[in-house]
Structures are given as structure tokens and as C-alpha cells.
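Undergrad: Sharing a structure below in C-alpha cells format, with a few things to ask.
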Amino acid sequence: MIDLIRTMKLALDREISGILESVSSFSLNI
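Position 24, counted from 1, in the sequence shown is what our numbering calls 56; the numbers after and before it change by one each time, with no gaps.
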């Protein structure tokens, strides 16, 4: 169960960092 939570957290962190990257690059393009 702990492994599942840890995996979900890793996936979520990767998702958030990807979104932040796209947002920051989008802001730079303006």
C-alpha cells in the first residue's frame, strides 16, 4: 500500500513539474 502511494506521489510530482515547465516556457514566449 505504501509503495502505491509513493508511486502515485512520484507520478504527481512529475506531472506538476511538467506543467510548470510548459507554463514557464509559455510565459517566456509572450
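Just so you know, even glycine gets a beta-carbon here, dropped at the ideal spot from N, CA and C.
These figures come from a predicted structure and were not determined experimentally.
Please report the residue range of the alpha helix (DSSP H) in which M33 lies.
TA: Neither: M33 is in no alpha helix (DSSP H) and is coded neither H nor E.
Undergrad: What's the gap between the Cα of I51 and the Cα of S59?
TA: Approximately 12 Å between the Cα atoms of the pair.
Undergrad: For M33 and K41, what's the separation of their Cα atoms in angstroms?
TA: Rounded to the nearest angstrom, the two C-alpha atoms are 13 Å apart.
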